[in-house]
Structures are given as C-alpha cells and as structure tokens.
C-alpha cells in the first residue's frame with residue numbers, strides 16, 4: 066500500500082489456488098436453444114478452463130449466441146480455498162449466474178448515445194458542452210471535445226477520476242455525480258482528437274449526456290431504449306437492490322486464504338458498473354448483428370476504425386483498434402481470414418468480462434469470470450466463435466502470426482539521434498542507440514530488470530536474438546518520436562497475445578533547478594495514504610492486494626530511477642506540482658503538494674511520515690472531521706495490544722500489517738477487535754462526525 070503514485074490501480078489478477086472444476090448449466094430465462102456438438106461443447110469448456118487457469122479465476126459463465134439461438138451455455142467453478150469442505154462450496158455455481166461486466170458496460174452507454182443520435186437529439190461531432198452546460202475544465206481546449214471523442218477514447222481527458230467509484234455493497238453514485246466538479250479543476254493531457262488512449266471518464270461523461278438529453282435516469286433509459294426491445298431481462302445495476310446483488314457470483318481475496326468478499330458495486334455504472342448473465346450479454350452482442358436495437362447505419366458506424374482518426378501505428382493491428390465503444394474492430398484469428406470481429410473487454414477489481422461479435426455471421430460470444438483477466442476471456446470466446454464458423458464449413462487459418470522476414474542490416478546513422486528517454490504513464494526507458502546498429506533498453510520504472518540489447522534489421526526494426534519482438538522508433542505527424550513494438554506471444558490451448566502498439570514516446574527535455582529536482586527526489590521517498598475514500602471503498606483492500614502481490618507499478622518504488630525533470634511520466638512543473646503531458650498513455654494526471662497533503666487528480670492523500678501514533682489512553686476515540694477525510698494512524702507503541710472499536714452505522718476501520726497487507730476489517734470480515742501488528746497502520750472512515758470509541762487491552 067506504500068507509495069504516493071500507487072494511484073493507478075490496474076485491475077488486479079487474483080492469484081488463486083485452483084481446485085476441482087465442474088460444469089453446470091447456466092441459469093437463464095426461456096430462450097431458443099440448439100446445443101452444439103459434443104466436440105464443440107468440450108472445446109468451449111477447455112478454452113474456458115485455460116482462461117481461468119491463466120488468469121486465476123474461481124468462477125466462469127459463458128454463452129455462444131448464433132442467429133438468435135444459444136448453442137453453447139455453461140458455468141465452471143474452481144472452489145475457493147476458504148470454502149473447501151464446506152456446504153457453501155457450490156454457491157459459486159448456484160449464485161444466479163450474474164457477474165459484473167466491468168467496462169463492457171461502455172457498450173451499453175455507446176448504444177444509448179447512438180439511440181439518441183438516431184432520434185436526432187445528439188450529434189456525434191457536436192461538442193459535449195452543447196449537452197452538458199456545466200461541463201468546464203481548467204483548459205480552454207475542452208470546448209473542442211465532441212461526443213464522438215468520448216466514445217473513441219480521443220477526448221484528451223487525463224483518464225480516470227475514480228475516487229469512491231469502486232465500492233463494496235454500496236450503490237452510492239457519487240463518483241458519477243461529482244465528475245463535473247472534479248473535471249473543472251483538471252487540464253487535458255492532449256488536444257481533443259489527437260490520439261486514442263483508454264479513458265474511463267469519457268464514458269461517465271457520455272452517461273451524463275444520455276441522462277441530460279433523455280431526461281431519464283441512465284438505467285431507466287437503457288432499459289426502455291435497449292434492453293426491453295431486445296428482450297434482455299438479466300442485465301442490472303447496483304441500484305437494483307439486494308435481490309440482484311444476492312445473485313452475484315462469489316468473489317474472494319487474492320491471497321492464499323481466498324476469503325469471501327462483500328458484493329462488488331461500481332459507482333460509475335455507464336463506465337463499468339453493470340451486471341449481466343453470460344446469456345444476456347451474448348444476446349446483447351447479438352443485437353449488434355441486426356436492427357432490433359440499433360439501425361444498420363449505427364452499428365456500422367460503431368464498427369468503423371475510429372482509432373485511425375488520430376495518431377496510430379501504420380502497422381498490422383494488435384489486440385486494440387478502437388471503434389465507437391469497441392476496444393477492437395479486428396481480432397485474431399478472424400482478421401487474417403477477412404472476417405471482422407468486434408471486441409470489448411471489461412475488468413473491475415473482482416470481475417472480468419469479454420464480449421465478441423461477428424456481425425456478418427450473426428454470432429456473439431460472452432465469457433464472464435470471478436477473478437481472472439479479460440484478455441484471456443477474449444481469447445477463449447474467440448475459440449468458441451472460430452469453432453462455430455468451422456462447424457458451418459468456413460475454414461479458418463488459425464496459424465500463429467509471425468514477424469515479417471528480415472535480416473540484420475546496416476543502420477541509418479540518423480537513428481543514433483533518437484537515443485533518449487521514452488515513457489508513458491506507467492513505464493519509462495532509457496534508449497541508447499549506437500552507430501553499429503545496437504539499441505540498448507534500460508528499464509527505469511521497473512527495478513531489477515537487466516538491460517536488453519537489440520540489433521537493427523533490414524525492415525527498419527530492432528530485434529533481440531530470439532526474434533520474438535520487433536521495435537521501431539517512428540517519427541509521427543505531431544513531431545514526436547514513438548517507441549513502437551510488435552510481438553506475438555502464444556498461449557498454449559488458448560490463442561495468441563498480439564502487440565502492435567505505440568508503447569512509449571520520447572520524453573522532451575524538462576530542465577528544472579537543482580532545488581526543484583532535490584525537492585521531488587526527497588518526496589519520492591515518502592509514502593502517502595488516501596483520505597477521501599468511503600469506508601466501503603475497495604481501495605482499502607486493493608492497497609493490501611498491491612502490497613502482497615507487488616503488482617502495482619510505482620514511480621516511487623525502491624530501486625526505481627527517474628528521468629531528469631520528471632517523476633514517473635509526469636513533468637516537474639515546480640517544487641509543488643507535477644503535470645502529465647506526454648502524447649500517449651491512459652490514467653494520467655497531476656500531483657500538487659500542499660504541506661503534508663498531496664492532491665492526486667484532485668483527490669487528497671496524506672504523507673505517511675506526518676501520521677500520528679494511535680493513542681492508547683483510556684477512553685480514547687477518533688472522530689471524522691468536517692472534511693469527511695478518513696483518519697489514519699500509525700500503530701506505534703500500541704503494537705501487541707488488542708484494540709476494540711465501537712463505531713456507528715455507515716462507518717468502518719481497517720488495520721494493516723507492517724508490510725502493508727490487511728490484518729483486519731470491520732466491513733469485509735466483521736472485525737470489531739484486533740491485535741495490533743508491529744509497524745502497522747490503522748484507518749477509520751465514515752461520514753463527517755462519525756465517532757469511533759477505542760479501547761485497548763494487553
């Protein structure tokens with residue numbers, strides 16, 4: 066949980082102990098079914114099993130929709146360690162088949178916008194300000210952001226304003242309600258339309274556009290305009306109540322104990338908060354192959370290569386090629402066979418989803434998992450679709466793609482001048498190019514990785530001795546030099562992970578005074594803790610997951626080096642301000658220092674070295690002040706004592722071990738007392754005025 070820039074929490078893959086797997090029928094309303102052959106059923110189960118194994122999932126639900134008929138539908142369960150030898154072991158299978166679909170929710174938001182476009186109430190290329198009068202930013206360029214740019218990730222917004230967006234068993238929508246206020250103090254990372262980089266805030270804005278234009282609550286509009294016409298009765302939001310939440314598949318912690326967790330509730334519904342059964346999701350995907358939900362012109366527009374409107378590699382596509390809403394409008398192995406495949410993946414901290422659609426063949430596949438990784442789900446869904454095509458007599462070339470044939474060659478001398486620092490939000494490299502055609506990569510943001518040397522080849526790329534990846538340095542139309550990588554990594558029994566992306570960009574020199582650099586070098590050794598997260602926030606557990614699994618990239622981790630004038634990918638503006646401005650990357654932002662407070666994208670954090678030790682005096686208490694900020698303490702001399710806490714409703718506490726892992730939680734496990742660990746920390750969170758009564762015993 067350490068590190069002030071451990072703020073970009075990627076969806077954490079759950080490292081789970083795999084147990085016996087069983088397949089059970091998926092629960093669904095009455096639908097048309099024509100089960101596929103036994104061989105195809107077995108192939109689907111195998112692909113799903115490998116997706117679960119690679120991603121560490123404990124539960125999966127999947128469905129294949131073919132021209133209005135479900136030909137494959139099932140569930141697979143890997144019993145969590147905490148439920149083995151328990152009567153609860155089957156709950157994952159009989160919990161109602163409902164899963165969080167994460168960012169696949171963006172497709173419902175996109176479809177809702179397109180429905181308003183069809184009604185003449187929204188124009189894709191009109192500015193967002195035409196529909197949201199209160200939308201303002203601390204950057205004059207914001208008025209150029211169009212509705213289209215929200216849907217193709219090219220708005221230039223920093224990325225994700227996620228304070229209190231990821232919650233447990235709490236349908237609070239404040240993360241959506243407060244977005245305009247948060248954006249009002251933010252700047253853009255790039256000119257609107259310059260390039261596409263994944264952006265969650267864009268879709269929350271799109272949700273607000275839907276509500277403003279339709280005059281309805283988002284889910285009310287989605288149901289009336291999309292779900293009901295298509296006959297989808299098993300798609301929900303957290304606000305639909307306990308009856309829905311109780312149908313959710315189980316989730317558990319990422320450690321070896323695999324303890325059960327409360328319900329996953331996401332407060333940015335149009336961005337990542339919907340739930341669905343696999344069959345409902347597959348049928349939703351199937352609606353994009355016809356006109357029951359949207360017109361042919363709308364679905365065609367959504368499937369167009371929107372990525373190509375801005376800066377994008379002039380190379381074969383990888384696994385990302387944005388449409389409107391879609392992550393990809395081409396996908397292996399269909400692209401190489403002249404077949405379009407539309408793809409959308411989704412990851413919350415607990416659930417992972419994939420939706421794939423073959424528009425010209427009226428097919429859609431969905432795979433939902435508890436734990437896991439959406440990319441693996443996508444590859445498994447692709448196998449189901451490929452099998453379905455071949456069952457129709459459509460032979461596919463499923464051979465693994467390879468780099469183009471090339472041989473070592475003499476390098477143009479001009480490339481030596483492209484040596485320098487390259488970076489993005491989460492990674493920075495020092496690239497050194499020598500006249501003999503050698504390119505050396507030195508990892509700065511990831512300590513302990515040895516330098517790698519590549520050789521220049523006749524196709525203009527640099528490659529290592531294995532030939533597994535090719536790198537090019539490409540001067541783009543905006544004058545920046547991009548670090549392009551193309552690679553193919555086969556996953557046995559599942560598919561191929563393909564990369565064909567601009568990963569990094571050459572970082573402009575940023576000269577700062579010695580005093581300013583020294584101030585940030587000092588701050589880079591300091592840790593900080595979040596203050597504005599609710600007691601129900603998943604961030605408190607995610608911080609522990611990050612500490613135990615060491616999976617969060619931090620610009621402040623031990624052994625990390627810094628590009629002069631930068632902290633991570635953010636440019637040093639002054640002794641108290643960092644600002645991201647590289648023309649690449651997602652989830653960027655600003656950091657401002659105010660004494661012992663750090664403001665990260667407008668959210669407050671407190672430096673750990675300014676925290677006080679918890680008082681062990683008789684009758685001690687802690688009260689949430691008028692700011693509503695969480696109260697953090699060091700364990701200090703209270704280590705070894707048992708702390709008992711009495712607290713009000715809608716409040717809670719967490720205790721962390723000295724290594725940052727979670728020792729106790731009132732919300733997650735009902736703890737009311739805990740033996741305090743050496744070197745640990747305590748946080749009390751609740752509404753303003755909430756009072757925590759604390760008692761200690763040796």
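Numbering (this note's numbering), first residue to last: 66 to 763.
For each residue, glycine too, the CB sits at the ideal point set by N, CA and C.
The model shown is predicted, which means the values in this text are computed figures rather than measured ones.
Less than 9 Å separating the beta-carbons of residue 474 and residue 128?
Stepping through the chain shown from its first residue, residue 474 is reached at position 409. Stepping through the chain shown from its first residue, residue 128 is reached at position 63. No.
May I have a chain-ordered list of the alpha helix (DSSP H) segments no shorter than 4 residues that lie completely inside the segment 677-735?
Segments of the alpha helix (DSSP H) lying fully in the segment 677-735: 731-734.
Do residue 433 and residue 125 have their CB atoms nearer than 9 Å?
On the chain shown, residue 433 is found 368 positions in, with the first residue counted as 1. On the chain shown, residue 125 is found 60 positions in, with the first residue counted as 1. Cβ distance < 9 Å, so residue 433 and residue 125 count as in contact.
With H, G and I counted as helix, E and B as strand and the rest as coil, what does DSSP make of residue 238?
Reading the chain shown from its first residue, position 173 is the one you call residue 238. Note: residue 238 maps to coil in three-state DSSP.
Should residue 152 go down as buried or exposed, given a rule of 16 or more other Cβ atoms within 10 Å for buried?
Numbered from 1 along the chain shown, position 87 holds the residue referred to as residue 152. At residue 152 the pLDDT is 44, less than 50, meaning the model places this residue with poor confidence and gives no usable figure here.
Under a three-way DSSP split, which group does residue 304 fall into?
If you number the chain shown from 1, residue 304 lands on position 239. DSSP places residue 304 in helix when its eight states are reduced to three.
By Cβ distance below 7 Å, which residues in the same chain neighbour residue 357 in space, the five residues on each side in sequence not counted?
Residue numbering aside, residue 357 sits at position 292 when the chain shown is read from its first letter. Closer than 7 Å at Cβ, skipping near neighbours: 294, 295.
At the level of alpha carbons, what is the spacing between residue 766 and residue 481?
The structure shown does not extend to residue 766, since the chain spans only 66 to 763, so no value can be given for it.
Is residue 133 near residue 97, with beta carbons less than 9 Å apart?
One-based indexing of the chain shown puts residue 133 at position 68. One-based indexing of the chain shown puts residue 97 at position 32. Yes; because the gap between Cβ atoms is below 9 Å, this pair is in contact.
Whole angstroms is fine: what's the gap from residue 596's alpha carbon to residue 384's?
Locating residue 596 in the chain shown gives position 531, counting from the first residue. Locating residue 384 in the chain shown gives position 319, counting from the first residue. Rounded to whole angstroms, residue 596 to residue 384 spans 37 Å at the Cα level.
Work out the CA separation of residue 723 and residue 622 for me, nearest whole Å.
As a first step, residue 622 is located in the chain shown; it is residue number 557 there, counting from the start. As a first step, residue 723 is located in the chain shown; it is residue number 658 there, counting from the start. Note that residue 622 scores 48 on pLDDT, short of 50, meaning its location in the model is unreliable and no value can be drawn from it.
For a test of the three-state rule: what should DSSP assign to residue 664, helix, strand or coil?
Walking along the chain shown from the start, residue 664 turns up at place 599. Of the three classes helix, strand and coil, the one that applies to residue 664 here is strand, per DSSP.
Out of 647, 423, 251, which one is the CA nearest neighbour of residue 404?
Position 339 of the chain shown, counted from the first residue, corresponds to residue 404. It is 423.
Name the residue from 234, 227, 568 whose alpha carbon lies nearest to the alpha carbon of residue 551.
The residue labelled residue 551 in the question sits at position 486 within the chain shown. Looking at the Cα atoms, 568 is the closest of the given residues.
With distances taken Cα to Cα, identify the nearest neighbour of residue 625 among 570, 599, 513, 527.
Your numbering for residue 625 matches position 560 in the chain shown. With distances taken between Cα atoms, residue 625 lies closest to 513.
From what residue to what residue does the beta strand (DSSP E) around residue 571 run?
Numbered from its first residue, the chain shown carries residue 571 at position 506. Run containing residue 571: 560-571, per the beta strand (DSSP E) assignment.
Would the segment 244-253 count as touching the segment 213-232 if we require 3 or more Cβ pairs under 8 Å?
Yes, the segment 244-253 touches the segment 213-232.
Between residue 413 and residue 231, how many whole angstroms is the CB-CB distance? I'm expecting something under 8 Å.
Stepping through the chain shown from its first residue, residue 413 is reached at position 348. Stepping through the chain shown from its first residue, residue 231 is reached at position 166. 7 Å between Cβ atoms; contact.
From 590, 601, 360, 563, pick the residue whose C-alpha is nearest to that of residue 464; which is it?
Working through the chain shown from its first residue, we reach residue 464 at position 399. Considering only alpha carbons, the answer is 563.
For residue 664 versus residue 672, is the C-beta distance shorter than 9 Å?
The residue labelled residue 664 in the question sits at position 599 within the chain shown. The residue labelled residue 672 in the question sits at position 607 within the chain shown. For residue 664 and residue 672, no; Cβs fall outside 9 Å.
So residue 219 packs on residue 374, CB below 8 Å; how close in whole Å?
What you label residue 219 is simply residue 154 of the chain shown in a count that begins at 1. What you label residue 374 is simply residue 309 of the chain shown in a count that begins at 1. Going by Cβ atoms, the distance from residue 219 to residue 374 rounds to 7 Å, so yes, they are a contact pair.
For residue 635, which residues does DSSP report across the bridge?
By one-based count along the chain shown, residue 635 stands at place 570. According to DSSP, residue 635 bridges with 632.
Quick one: Cα of residue 540 to Cα of residue 486, how far?
Residue numbering aside, residue 540 sits at position 475 when the chain shown is read from its first letter. Residue numbering aside, residue 486 sits at position 421 when the chain shown is read from its first letter. Cα-Cα distance, rounded: 15 Å.
Cα separation between residue 327 and residue 237?
Within the chain shown, the letter at position 262 stands for residue 327. Within the chain shown, the letter at position 172 stands for residue 237. When rounded, the distance between both Cα atoms is 15 Å.
Among residues of its own chain, excluding the 5 on either side of residue 674, which ones have a beta-carbon nearer than 7 Å to its beta-carbon?
Your numbering for residue 674 matches position 609 in the chain shown. The answer, listed in chain order, is 591.
Between residue 688 and the rest of its own chain, which residues show a CB-CB distance below 6 Å, the 5 nearest in sequence each way excluded?
What you label residue 688 is simply residue 623 of the chain shown in a count that begins at 1. The residues are 756.
From the DSSP output, in three-state form, read off residue 311 for me.
Locating residue 311 in the chain shown gives position 246, where the first residue counts as 1. Coil.
To the nearest angstrom, how far is the alpha carbon of residue 747 from that of residue 170?
Along the chain shown, read from residue 1 onward, the residue named residue 747 stands at position 682. Along the chain shown, read from residue 1 onward, the residue named residue 170 stands at position 105. If I take the Cα positions, the gap works out to 35 Å.
Leaving aside the five residues before and after residue 199 along the sequence, list all residues of the same chain whose C-beta is less than 7 Å from its C-beta, in chain order.
Looking up residue 199 in the chain shown gives position 134. Cβ neighbours of residue 199 beyond the five flanking positions: 245.
Is the beta carbon of residue 652 sitting closer than 9 Å to the one on residue 217?
Counted from its first residue, the chain shown places residue 652 at position 587. Counted from its first residue, the chain shown places residue 217 at position 152. Not closer than 9 Å, so no.
Does DSSP put residue 247 in a helix, in a strand, or in coil?
Position 182 of the chain shown, counted from the start, is the residue given in the question as residue 247. If DSSP states are grouped into helix, strand and coil, residue 247 belongs with the helices.
Give the C-beta separation of residue 570 and residue 600 to the nearest angstrom, bearing in mind that I take them to be a contact with Cβ-Cβ under 8 Å.
Indexing the chain shown from 1 puts residue 570 at position 505. Indexing the chain shown from 1 puts residue 600 at position 535. In fact, because the Cβ distance is near 40 Å, the residues do not count as touching under 8 Å.
Determine the direct distance from the alpha carbon of residue 362 to that of residue 183, and round the result to whole angstroms.
Within the chain shown, residue 183 is the residue found at index 118, counting from 1. Within the chain shown, residue 362 is the residue found at index 297, counting from 1. Roughly 9 Å between the two C-alpha positions.
Under the DSSP definition of a beta bridge, which residues are partnered with residue 746?
Position 681 of the chain shown, counting from 1, holds the residue named residue 746. Answer is 699, 721.
What is the DSSP secondary structure of residue 521, counted as helix, strand or coil?
Along the chain shown, one-based indexing puts residue 521 at 456. Note: residue 521 maps to strand in three-state DSSP.
Could you give the first and the last residue of the continuous beta strand (DSSP E) run that contains residue 284?
Your numbering for residue 284 matches position 219 in the chain shown. Counting along the chain, residue 284 falls outside any beta strand (DSSP E), though it belongs to the alpha helix (DSSP H) covering 283-287.
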